[in-house]
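Protein chains: 2
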Amino acid sequence: MNGKADILHRLRNEILNLELKPGTILSETVLSERFQLSRTPLRDILKQLAHEGYIHVYPKRGNVVSYIDLESVEQIIYLRSTLEKELIKNLASQQSPLSIQGVMKLNEILSRQEACIQQEDAHAAFLQLDDQFHKGLFEWAGRGFLWELIQQSNAHYERYRRLHMLQKEKLKVILAEHRSILSCITERRIEPIDELVIHHLREDIHTPYLRENFAEYLKT
Amino acid sequence: MNGKADILHRLRNEILNLELKPGTILSETVLSERFQLSRTPLRDILKQLAHEGYIHVYPKRGNVVSYIDLESVEQIIYLRSTLEKELIKNLASQQSPLSIQGVMKLNEILSRQEACIQQEDAHAAFLQLDDQFHKGLFEWAGRGFLWELIQQSNAHYERYRRLHMLQKEKLKVILAEHRSILSCITERRIEPIDELVIHHLREDIHTPYLRENFAEYLKT
DNA sequence: ATTTCGAAACTTGTATACAAGATTGGGTTT
DNA sequence: AAACCCAATCTTGTATACAAGTTTCGAAAT
């Protein structure tokens with residue numbers, strides 16, 4: 008099946024992978040030939056991608072894969088760190104006993120991240136598990152709705168993160184911080200949470216790593 | 008001019024006003040006759056409204072004005088209260104001196120809210136100024152981006168708020184709280200902010216006012 | 001009276017022709 | 001050689017015909 012949803016996912020992934028690099032022109036007619044679909048439904052798909060920030064539409068001129076906007080990345084990181092430190096504190100200070108399933112589910116994810124670190128070439132899998140961990144926290148706190156809301160504006164942050172995480176030594180740090188966060192919840196320690204979450208999400212936004220190595224993908 | 012943007016705004020407003028009540032069917036053909044525009048661009052508009060939560064699309068069956076989803080309202084209120092208490096604390100604890108313009112702009116808004124309370128029939132104006140005040144806080148803290156992001160998911164919260172604020176005695180309380188928030192910032196008092204913001208945004212979500220008086224507009 | 005069936009009349013979804021703005025490139029003018 | 005202009009050819013935007021589900025409603029069968 009070559010349904011609209013599949014094509015949308017496919018284009019989204021190609022942009023996230025950088026198979027479609029920032030600046031690439033996405034012409035409706037070219038895409039309609041590629042996917043054997045007429046322009047009308049393809050326009051719907053492009054509208055959606057534009058709404059999520061994956062492409063930029065120049066009226067009557069064309070559609071271009073958007074350049075990574077570090078300003079947007081910083082705003083999303085602020086949003087996420089603010090929200091996550093709040094909801095993690097909510098979990099840790101919750102009166103009723105914590106659900107065993109919640110803890111086990113997150114521990115399972117962390118084990119699989121551990122396994123990824125051993126393997127070569129498990130970067131993509133590690134990042135996917137990273138998302139699952141954070142999504143799990145949102146859902147555990149009853150805030151899955153807000154996770155989904157943030158995902159709708161993730162085109163810049165997600166590409167930033169993938170490039171940023173190419174620095175391999177970071178993976179171990181991330182995993183360790185995940186363990187710390189989870190232990191804060193289970194052991195009801197509120198006090199370290201703010202610093203922990205801020206360090207986990209905000210630490211590296213200021214490093215010049217991206218500007219030095221991937222300037223051609225960045226919005227000027 | 009009957010551009011697409013105008014029609015979008017118009018439909019959005021009619022839904023927010025409850026001129027178009029939850030459950031109303033929005034047929035593409037009917038709308039295309041009303042606005043003298045063909046179905047293709049109208050579909051774009053409906054897609055946008057659907058994305059923002061104003062309408063619900065039943066595939067191959069039709070488009071219906073969405074019922075107010077109190078769950079979505081609660082989630083947005085949690086998001087806003089969490090974010091706003093953080094960014095207001097950021098403003099209040101900022102090292103550099105506060106910009107005079109920022110303070111004056113917000114004070115001007117509060118004066119106009121004061122004026123609205125005197126008049127009859129200035130409900131709509133009061134609510135608009137309420138938005139301007141909160142938007143002003145976001146922008147002052149350098150977070151206008153996040154304000155706009157939240158606005159994209161405001162279909163339920165905005166209708167909730169308009170109905171909720173019909174309780175007239177609330178307006179004075181709101182204005183007083185706005186003044187308190189602003190004074191916390193200018194006088195650098197961090198400590199009361201959390202409670203103040205939570206009270207301001209979350210206080211009334213639990214009251215049964217809407218369920219009793221406007222059950223026919225609510226999602227079941 | 002009740003159920004069942006099916007055609008007609010709806011709905012949105014897709015393909016395609018045409019409109020109209022934007023760009024490009026070559027030939028003319030200066 | 002440089003500037004200009006206009007036509008050809010891109011692009012997206014719009015209108016419309018047609019496809020394909022869904023519902024409705026009445027007639028026929030039980």
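In order, the protein sequences belong to chains A and B.
78 is the number that my numbering gives to position 71 of the first sequence; each next residue is one higher, with no gaps.
153 is the number that my numbering gives to position 146 of the second sequence; each next residue is one higher, with no gaps.
Here a beta-carbon is modelled for each residue, glycine too, at the ideal position from N, C-alpha and C.
Keep in mind the model is a prediction, meaning the values are calculated, not measured.
Excluding the five sequence neighbours on either side, which residues of its own chain have a C-beta within less than 7 Å of the C-beta of residue i, listed in chain order?
i: Leu170 (chain A); result: Leu217, Phe221
i: Val64 (chain A); result: Ala57, Asn70
i: Gln136 (chain B); result: Looking at the sequence provided, one finds Leu at residue 136 (chain B) rather than Gln. Once the five neighbours on either side are set aside, the close Cβ partners of Leu136 (chain B) are Ile116, Arg119, Gln120, Cys123.
i: Arg150 (chain A); result: Leu94
i: Ala148 (chain A); result: Leu94, Asn97, Leu98
i: Gln126 (chain A); result: none
i: Lys11 (chain B); result: Pro48, Asp51, Ile52
i: Ala132 (chain A); result: Cys123
i: Gln158 (chain B); result: none
Can you name the start and end residues of the beta strand (DSSP E) that residue i belongs to?
i: Tyr164 (chain A); result: Premise fails: Tyr164 (chain A) lies in the alpha helix (DSSP H), 162–171, not in any beta strand (DSSP E).
Ends of the alpha helix (DSSP H) at residue i?
i: Gly10 (chain B); result: Careful: Gly10 (chain B) lies outside any alpha helix (DSSP H) and carries neither H nor E.
i: Ser118 (chain B); result: 107–125
i: Ile75 (chain A); result: Note, Ile75 (chain A): premise wrong, no alpha helix (DSSP H); not H, not E.
i: Gln139 (chain B); result: 130–147
i: Leu153 (chain B); result: 151–158
i: Glu35 (chain B); result: 35–42
i: Leu53 (chain A); result: 46–58
For residue i, which residues does DSSP report across the bridge?
i: Asn70 (chain A); result: A:Val64
i: Leu225 (chain A); result: A:Ile75
i: Ile32 (chain B); result: B:Val71
Note down, in chain order, each residue of its chain lying with its Cβ closer than 6 Å to the Cβ of residue i, except the 5 sequence neighbours on either side.
i: Val72 (chain B); result: Ile22, Leu27, Pro29, Thr31, Ile62
i: Glu35 (chain A); result: Arg46, Leu49
i: Arg209 (chain A); result: Ile84, Ser88
i: Gly109 (chain B); result: Trp147
i: Leu189 (chain A); result: Leu113
i: Gln102 (chain B); result: none
Please check the pair residue i and residue j, which I expect to be a contact at CB under 8 Å, by giving their CB distance rounded to whole angstroms.
i: Val105 (chain A); j: Ile192 (chain A); result: Here residue 105 (chain A) is Leu; the residue named in the question, Val, does not match the sequence. About 7 Å separates the two Cβ atoms, so the contact holds.
i: Phe145 (chain A); j: Leu153 (chain A); result: 6 Å
i: Ala162 (chain A); j: Glu59 (chain A); result: 5 Å
i: Gly6 (chain B); j: Leu113 (chain B); result: Residue 6 (chain B) is absent from the model: chain B starts at 8 and stops at 227.
i: Thr89 (chain A); j: Thr89 (chain B); result: 6 Å
i: Ala129 (chain B); j: Ile197 (chain B); result: Their Cβ separation, rounded to whole angstroms, is 34 Å, which puts Ala129 (chain B) and Ile197 (chain B) out of contact at 8 Å.
i: Leu156 (chain B); j: Ser160 (chain A); result: 6 Å
i: Ile205 (chain B); j: Lys92 (chain B); result: 7 Å
i: Tyr74 (chain B); j: Lys226 (chain B); result: 4 Å
i: Asp201 (chain A); j: Lys54 (chain B); result: The Cβ separation is near 40 Å, so there is no contact.
i: Ile140 (chain A); j: His185 (chain A); result: In the sequence on display, residue 140 (chain A) carries Phe and not Ile. Contact holds; Cβ gap of about 6 Å.
Might you give, ordered along the chain, the residues of its own chain that have their beta carbon closer than 8 Å to the beta carbon of residue i, omitting 5 neighbours on each side?
i: Glu81 (chain A); result: Ile212
i: Asn9 (chain B); result: Phe42, Gln43, Leu44
i: Pro199 (chain A); result: Ser187, Cys191
i: Arg195 (chain B); result: Ala99, Ser100
i: Ala183 (chain B); result: none
i: Glu165 (chain A); result: Leu23
i: Tyr167 (chain A); result: Ile75, Leu77, Val80, Leu217
i: Gln174 (chain B); result: Tyr216
i: Ser39 (chain B); result: Ser45, Arg46, Leu49
So is the beta-carbon of residue i under 8 Å away from any non-hydrogen atom of the ligand SAH?
i: Val37 (chain B); result: What this structure holds is no ligand at all, so the ligand SAH is not there to describe.
- Item | Complete beta strand (DSSP E) runs within the segment 192–219 of chain B (minimum length 3 residues, chain order) | none
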